[in-house]
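In terms of my numbering, the sequence shown has 32 at position 38, counting the first letter as 1, and numbering is strictly consecutive.
Where is the CB? At the ideal position from N, CA and C, for every residue including glycine.
Working notes, structure below.
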Amino acid sequence: MDAQQQLIGLMTVAEEHHKAVQTALDGLAAERAVLAKERAALSQLTGSLQKGVTDAAIVAVHESLAGASTVLESATRPVVGSLSNAARATDEATGKLTGAVSAFGWKWALVAGGATAGCILAVLAVTWVTTATMRDRATTLSAEVATLQAQAEDWEKRAGRAKLTTCGEKRRLCVQVDTRQSFEGGYYIIKGY
-5 MDAQQQLIGL MTVAEEHHKA VQTALDGLAA ERAVLAKERA ALSQLTGSLQ KGVTDAAIVA
55 VHESLAGAST VLESATRPVV GSLSNAARAT DEATGKLTGA VSAFGWKWAL VAGGATAGCI
115 LAVLAVTWVT TATMRDRATT LSAEVATLQA QAEDWEKRAG RAKLTTCGEK RRLCVQVDTR
175 QSFEGGYYII KGY
């Protein structure tokens, strides 16, 4: 598997993590919306309870003084029970929401940190592979340059004063030689060219 495929794999994993985080965020938003609806319902219930208490108080005042306390107590007992149950449910939902937000924050930080570290490692791996190839090529080219320099030094020692040119219609490589029979102007074709 080459570095580009590894990088694509890491990017795919990062996208999957991003989708999972987005799904969790969407779930959290839905949970918040449900909690807001419950709070609104609690507010309405509180208003209804206040109205019920007020109505019960008016009824109790109109009734005899002796039965007023009994009527008020019996009217408020279910209302107070419902109100305390609703308050307890709201507190529990708030606690759960706070815990979920806190846990999600740490999980998101871990996922984001892991994805970032993975991307950095992928970039480093690609860079290392690329530079390793370049280093190998530079070593090969350095060896080739050394060979060419050795050949040039050998040519200079053995035939450094030779004059090279091209001869004929085919423009073949020629060297000037010391002979009475020449090809064109004292040049002969070098064997092998």
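- Note on geometry: alpha-carbon atoms of Ile114 and Val15 lie some 20 Å from one another.
- DSSP, reduced to helix, strand and coil, places Arg165 outside both helices and strands of the structure shown, so it counts as coil.
- A direct Cα-Cα distance of roughly 44 Å separates Gly3 from Leu142.
- If you draw a straight line from the Cα of Arg82 to the Cα of Arg33, it is about 12 Å long.
- With a threshold of 16 other beta carbon atoms within 10 Å, Ala116 meets it and is buried.
- Taking C-beta separations shorter than 6 Å and ignoring five residues to either side along the sequence, Thr92 has no partners in its chain.
- Under DSSP, Leu158 takes part in a beta bridge, and its partners are Val169.
- Secondary structure of Asp(-4) (DSSP, three-state): coil.
- Judged by beta-carbon spacing, Ala80 lies beyond the 7 Å limit of Leu43, meaning their Cβ atoms are not closer than that value.
- In this structure, Ala(-3) lies away from Val105, with their beta-carbon atoms at least 7 Å apart.
- Contact between Ala109 and Ala8 is confirmed by a C-beta separation of about 4 Å, below the 8 Å threshold.
- Ala87 is the residue among Ala87, Leu1 and Glu10 whose C-alpha sits nearest the C-alpha of Ala30.
- For Trp102, the CB contacts under 7 Å within the same chain, skipping 5 residues up- and downstream, are Val15 in chain order.
- Of the residues Ala18, Ala156, Thr159 and Thr160, the one whose Cα lies closest to the Cα of Ser96 is Ala18.
- Arg26 is the residue among Lys151, Glu138, Arg26 and Gln38 whose C-alpha sits nearest the C-alpha of Lys90.
- Here the alpha carbon of Met5 sits roughly 10 Å from the alpha carbon of His11.
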